[in-house]
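Notes to accompany the following structure.
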Amino acid sequence: MNNLERMKRFHQAKWNEPIIYEISEPGARAVLVPGPCCECTSAEEAVASLPSAMLRKESPKLPEVAQLQLVRHYNHLSQENIGVDGNIDIGQGTCTMKYNPKVNERLAGDAKLSEMHPLQPEGTAQGILELFYRTGELFKEISGLDVFSVQPGGGSHGVLALASIVRAYWRDMGEENKRDEIITTLFSHPADCAVPIVKGYKVTIIQPDAEGYPDIEAFKAAVSERTAAIFFTNPEDTGIFNVRIKEFTRIAHERGILCCYDQANANGLLGVTRTVEADFDMSFFNLHKTFGAPHGCGGPATGMVAAKKELRPYMPVPLVEHSPEKGYYLDFDLPKSCGKIKSFWGVAPVVVKAYSWIMSLGAEGLREVSRVAVLNNNYCMKKILAIRGASISFPNHRPRVEQARYSWQKLKEDTGFGTADVQRCVADFGTHYWSSHEPWVIPEPFTIEPSESYSKQDIDDYTAVLAEIARMCYEEPEAVRRAPVNSTVHHIDHDYFDDPAKYAITWRAYNKKYKGYFEPR
Amino acid sequence: MKVGFLINPVAGMGGKVALKGTDGEDILRRALELGAEPAAGARAEEAVKAFAESAGDCLFYSPSGAMGADLLKKYGIRTEPLFEPSAHTTSADTKRAAKMMLDRGVALIVFAGGDGTARDVCAIVGESVPVVGIPAGVKIHSAVYAKRPGAAGILVGRFLRGLAKRFASAEVVDIDEEAFRDDVVRARLYGYMKAPDDREFMQDRKTGSGGAAAEEAAELAAYVAGCMEPGTLYLVGSGSTTMRLLERLEVDGTLLGVDAVMDGRLVGWDLTEAEIKKLLAGVERERRALIVTVIGGQGHIFGRGNQQLSPDVIRMIPKKNITVIATPAKMAQLFGKSLIVDTGDSSLDEELQGYIPVVTGRARKMMVRIS
Amino acid sequence: MSKKVYPYIPNSEASVQAEMLKFIGADSIEELIADIPEDMRMKRAMKLPEPFCDEAGLARHVGAMLGKNKTARELVCFLGAGCYNRYVPAVVDEVAGRSEFLTAYAGEPYEDHGRFQAMFEYQSMMAELLDMDVCNVPSYDGGQAVGTTLRMAARIARRKKALVPRNVNPDTLAVLRTYLQPDVEIAYVDYNSKTGRICLDSLKEKLTEEVAAVLVMNPNFFGVIEEKAQEIADMAHAKGALMVAYVEPSTLGLLAPPSQYGADIACGDIQALGLHMNYGGGVAGFIATKDEPRFVDEYPSRLFGIAPTSEKEWGFGDVLWERTSFANRDGAKEFVGTHAALWGIAAGVYLAAMGPQGMRELGEAVAQRLGCLKKALSSVKGLSFDRFSGAPFQEVVADFSASGRTVAEINEKLLERGILGGYDLGKDFPELEGCMLIAVTEQTSADDIKALASALAEILA
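Chains as they are written, first to last, in the working numbering: chain A, 1 to 521; chain B, 1 to 371; chain C, 1 to 461.
Here it is in structure tokens:
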């Protein structure tokens, strides 16, 4: 069997697993809870001292399951899920799905971190504070900037931090109300547009020009004395590096506008060009993308913020600092700080994983990460463009950095099948595939990012899958219509997500609306 | 499922003999003299081929002969003929067919033709029933038409199989025939019909909901309404997006005409140029404003034959008080294109060149080029 | 010297690179990024510390650093204040550590069906615990959850002000201010210095027609149960405002869920539902409401729903309904990004493992231990539990102001004896100088309490 055949014969675990409530048995328990700690007071006495109106009258309807049955249930569910550890995960473009080394998981899971309370005296937290500090030092070099914060809980959160810093800065300058606009681009991450709005900004979007770069003439027309900051992702999700980026920052700086760099797409640039070389004032990095921490089905994560020292006063508080007298400590003395973005100090285990990842590679290793990410992407690109029906956005612009946005427009015209259909088919091969952020200006889009974790064989295998699906679109339309047939479930009826009368977000809501199998009450 | 189907057999005939369109008996006769062959049938067939196997038990209603029934029968589709059209089919036949389809309660109307055909169908159907247009005319500027006959057929097939559940308002435009023959595209927004949204529902929301077109328009309308200043006279141009704004303000404006609003009240309805000038003159210059949307597949702001928004009128309003609004979906359709102004005064057109912000949603605007 | 090969970078091998370049038609990788301008390039290599290329070295290095930490294992922990030393059952770690969950991200509900079902089950269990019909996929943390909730309330009520109790968790307050500024104004409601609860007179004064929502934290930051919460809800509703309850969900096995005292929206942090404290990293937020479009419509977060499939299986997906005119769109909704999904799966396992009995017993265990602590410490001179008359749960304010010692001093001495003393309230509430917030959990043993009692007796002597 060759690899394509192997993948074509893939069948996902299909346990037809009941909803946990369906395996509940009255009285079953998976774990027991300690009883009273001693005889001096009883539980009844203690409960009696509480206001009775505030006591729960009816038990919460939680499932009752014995431990093995519980473990089996969740094992089944995890088998019905595919992580990086299980597939050639290059189809989830912009997510930078890379290998999360097991040693880092072990280190971050150490009880010497997991059992720490955030409000412990700093003297008892020197280990983690040192690690935060050292991670900051690493990122100062990776970004070229001067101060850092581990606080934000993800990329979009990083944008919130930057937008908050911008606001605090202009408040200090006395222009908070005057500077109420932000400029970003169409192909930057959607959070670059959505998040500043939460901080009261109006956002202007710059579209790409014919070459795929943000249109600089549009940018010049957009900047004004009302502009507080610009938020740019580079390279953008198309994989195109904005070679004119310094012109943008020059124009911005001429008017005192702050420049914020969304470095979610940093995987191809490590050691090549940094925040500082592009002349940005602050940036953030996704530790759960480029820096090897796992995605966890959607978090927990960290958006590591870096900024120039002039912006230190406005950074989220506290900062992690070091002095010979105090050792490592949390510095709360930032009267002009933008405030707090997250509860407590940040997602420590994620920082540990990223720190460990960087420390296992070093400067040379990081450089190699980016070299191979670029190599993999361009190799992958050539393979994809050989597939009938596939094309690339901005075809005159090659090569790309670490990912690329393609289009199945030709496939759609020829066969009537487009990106949504390919996505359904991909499940039958045991892998993933992603289209694009909104809006879909590239028709029938798909975005592929083969990070450095993948071998040449991996890329060959994945692109062979795409080629096979394209072939099926041309030659076996019925099979495409039926897909997925080898996945965990079959066609999901999307009508049930669209209508308040039909949707059910919890099991109890389901039982209020339906009985049996979706029989309306 | 019951479906209406019609072909405008004379659509497309003018093109091959370099006559732009076949509206009007004279032009049609001229075309026939020049040896034009009816071509709409072939285009329609491309589409029917693509949806025939999805027709199943569906019952199609169609006028006899070349206006549709023949073609459907050729592909084994269950057809009930509506009437026998005359030898030279006219727009009256189209309208008659559309009316009969509505009376029979069809779920979809499929038609092959050009802008004129779309206008005829629109006059009867409006947005009451979804439609799919098979492009077979010379003038295809209406958004109700699919890009290619085959694509139209695929879309019909999806609808028949119950897979197209979302709809969007699609513009029906008609072009000034005289001007068109002189190579000038001067189009007029005629109305709207409901077209199935081709995009299959996708779940891959990393970033939460994308929002459907209707929702984007409502969001935009709410935001723009909230931004309107007291004591300012707002002229509101034609189009469905601006109509949503008027609905949000709870005033009864027109879809195709220019209305005026001040302090949340309607102060002018379907105004002529003269009426507009009078209204504007009654308000100091700084307090005059204009809200327009982008019309059509070409991206027109001014110049859709809206005589009301004449160069004089536009000049009476400070440029900074002219706001263009359009949904992200609309702007996505125009991706890579510039917007067009065609006021009729070339020096004004030149003044209006450059980049403008188009408001696309709450607190967001997009820089777009006017050329 | 041959080129270095990296275990995580299979294509770092030189001959493979050559093969790939040949296929691409480029001479070097540098050629592929040649368009990046010279004036944007680093002129030197990055200066990072020497790496630990072997796992053993890395483990030693990081292990040694983390080894400098002290934890709630070696120290007896009486700290709470928003993060609790809950025992995490082994099954929770087991499931959260499954690599299929750990390394997955945003696949479809076909090949990633498991994640959707696990999350739906979490949402369902939270809904039962909170007695609401809708609960979201977890967000960043409790502070963000309440910030988002108050913004939702502002949009629903179409007003721009939120009333927040002065004695809400200060860390939570700091975060919610970031989310509310500048769109929603915050006004503060005083607490009654005798009871420790929200002062209804102060609330009455502040509650105008401009207020979108009244926030009630229950138990509040002082550990006091807000027993007048229903009255507060009634007052809010009478003015057309919403009542938002910030609750600690692990208390709800014993305490009444907020829907039963008039809350329109419930929010909070799920850390105490079986998440390791992780120095404050084990946090995730939740927001729960009724199943009404005017609420559901306002969630910025993802909501997973259940649906039938063509073969009668359980299917799932994002609930993304066509919004109706319910959504007034008068305010900006926030964003959805990568939040804390895995913690939600873990909390779901915890709730299923505990079951209704377990959650009740947990509440009883916590109540019993607090009772025991109060008894044991009542004999310590210079310490009083009478600062607030309101009934405490899980945490209690210990007043040391009569002792002549500051909380900082006391805690330093406690630490010397291997005890983590409670939170120094004087830092955030000057009127509570000398007061400490002591927390117990089901892990607090009789020995722990004895040790605290005797340590304090010594220190205050």
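From the three backbone atoms N, C-alpha and C, an ideal C-beta is built for every residue, glycine too.
Note that the coordinates shown come from a computational prediction; the quantities given were computed from them, not determined experimentally.
Below 6 Å CB to CB, which residues in the same chain sit around residue i once its five sequence neighbours on both sides are set aside?
i: Pro89 (chain C); result: Ala353
i: Ser283 (chain A); result: Ser143, Tyr261, Gln263, Thr275 and Ala306
Residue i: buried (16+ other C-beta within 10 angstroms of its C-beta) or exposed?
i: Tyr517 (chain A); result: exposed
i: Pro18 (chain A); result: exposed
i: Phe5 (chain B); result: buried
i: Phe285 (chain A); result: buried
i: Lys74 (chain B); result: exposed
i: Leu62 (chain A); result: buried
i: Gly272 (chain B); result: The residue you asked about is not Gly; residue 272 (chain B) is Thr in the sequence shown. Thr272 (chain B) comes out exposed.
i: His339 (chain C); result: buried
i: Arg60 (chain C); result: exposed
i: Arg323 (chain C); result: Bear in mind that a pLDDT of 45 at Arg323 (chain C), under 50, signals an unreliable position, so the number given afterwards is only what the model happens to contain. Result: buried.
Output, in chain order, the set of chain C residues within a Cβ distance shorter than 7 Å of residue i.
i: Met97 (chain A); result: Tyr105
In chain A, what lies closer than 7 Å to residue i by C-beta?
i: Phe335 (chain B); result: Val441
i: Glu108 (chain C); result: Gln423 and Ala427
i: Cys372 (chain C); result: Cys37, Cys38, Cys40 and Thr41
By Cβ distance, which residues of its chain are closer than 8 Å to residue i, with the 5 residues on each side in sequence left out?
i: Asp390 (chain A); result: First, the amino acid is wrong: residue 390 (chain A) is Ala here, not Asp. Closer than 8 Å at Cβ, skipping near neighbours: Ile384, Tyr406, Ser407, Trp408, Lys410, Leu411, Leu466 and Ala470.
i: Tyr329 (chain A); result: Glu122, Leu129, Val320, Glu321, His322 and Ser323
i: Ala225 (chain B); result: Leu245, Arg248 and Leu249
i: Lys112 (chain A); result: Gly127
If you drop the 5 nearest sequence neighbours on each side, which residues of the same chain put their C-beta closer than 7 Å to that of residue i?
i: Val172 (chain B); result: Ala118, Arg119, Cys122, Ser142, Val144, Tyr190, Gly191, Tyr192 and Met193
i: Glu121 (chain C); result: Gly348
i: Lys336 (chain A); result: Ala168, Asp172, Pro313 and Tyr314
i: Lys202 (chain A); result: Asp180 and Glu181
Which residues of chain C have a Cβ atom closer than 8 Å to the Cβ of residue i, listed in chain order?
i: Pro156 (chain A); result: According to the sequence as given, residue 156 (chain A) is Ser; it is not Pro. The answer, in chain order, is Phe335, Val336, Gly337 and Thr338.
i: Lys61 (chain A); result: Glu128 and Pro356
At 8 Å on the CB atoms, spell out the chain A contacts of residue i, in chain order.
i: Met367 (chain B); result: Thr204, Ile205, Ile206, Gln207, Asp215, Ala218, Phe219, Ala221 and Ala222
i: Pro130 (chain B); result: Correct list: empty, because the minimum Cβ distance to chain A is about 17 Å.
i: Arg362 (chain B); result: Ile197
Going along chain B, which residues have a C-beta under 9 Å from residue i?
i: Tyr406 (chain A); result: Within chain B, no residue comes near Tyr406 (chain A); the closest Cβ sits about 15 Å away, beyond 9 Å.
Which chain C residues sit within Cβ distance under 9 Å of residue i?
i: Gly362 (chain A); result: Met46, Leu48, Pro49, Glu50, Pro51, Phe52 and Cys53
Complete alpha helix (DSSP H) runs within the stretch 141–180 of chain C (minimum length 4 residues, chain order): 142–157 and 170–180
Stretch pair the stretch 120–139 of chain A + the stretch 207–227 of chain A: three plus CB contacts closer than 8 Å: no
At least three beta-carbon pairs within less than 8 Å, the stretch 85–103 of chain C to the stretch 142–161 of chain A: no
Meets three-Cβ-pair contact criterion under 8 Å: the stretch 47–63 of chain A and the stretch 60–72 of chain C: no
Inter-stretch contact at 8 Å, needing at least 3 Cβ pairs: the stretch 161–170 of chain A / the stretch 341–361 of chain C: no
The stretch 437–456 of chain A / the stretch 330–337 of chain B touching (three or more Cβ pairs under 8 Å): yes
Entirely enclosed alpha helix (DSSP H) segments - the stretch 315–384 of chain C, minimum 4 residues: 341–377
Three-pair Cβ contact test at 8 Å for the stretch 495–509 of chain A versus the stretch 306–314 of chain C: yes
Beta strand (DSSP E) runs wholly inside the stretch 28–80 of chain A, at least 3 long, in chain order: none
3 or more residues per run - each beta strand (DSSP E) lying fully within the stretch 372–444 of chain C: 395–399 and 435–439
Three CB pairs or more closer than 8 Å across the stretch 133–142 of chain C and the stretch 90–99 of chain A: no
Unbroken stretches of the beta strand (DSSP E), 3 residues or longer, contained in the stretch 284–327 of chain A: 303–307 and 319–323
Cβ contact check for the stretch 407–417 of chain C and the stretch 451–461 of chain C: 3 or more pairs under 8 Å: yes
Residue ranges of each alpha helix (DSSP H) within the stretch 158–189 of chain A, 4 or longer: none
Contact between the stretch 340–356 of chain A and the stretch 244–258 of chain A (3+ Cβ pairs under 8 Å): no
Three or more C-beta pairs below 8 Å linking the stretch 356–370 of chain A and the stretch 262–269 of chain A: yes
Cβ contact check for the stretch 70–81 of chain C and the stretch 420–431 of chain C: 3 or more pairs under 8 Å: yes
Sufficient close CB pairs (3 or more, under 8 Å) joining the stretch 257–273 of chain C to the stretch 366–377 of chain C: no
Touching by the beta-carbon criterion (3+ pairs, under 8 Å), the stretch 255–263 of chain B and the stretch 217–237 of chain B: yes
Within the stretch 184–260 of chain C, ranges of the beta strand (DSSP E) (whole runs, at least 3 residues): 185–189, 211–218 and 242–247
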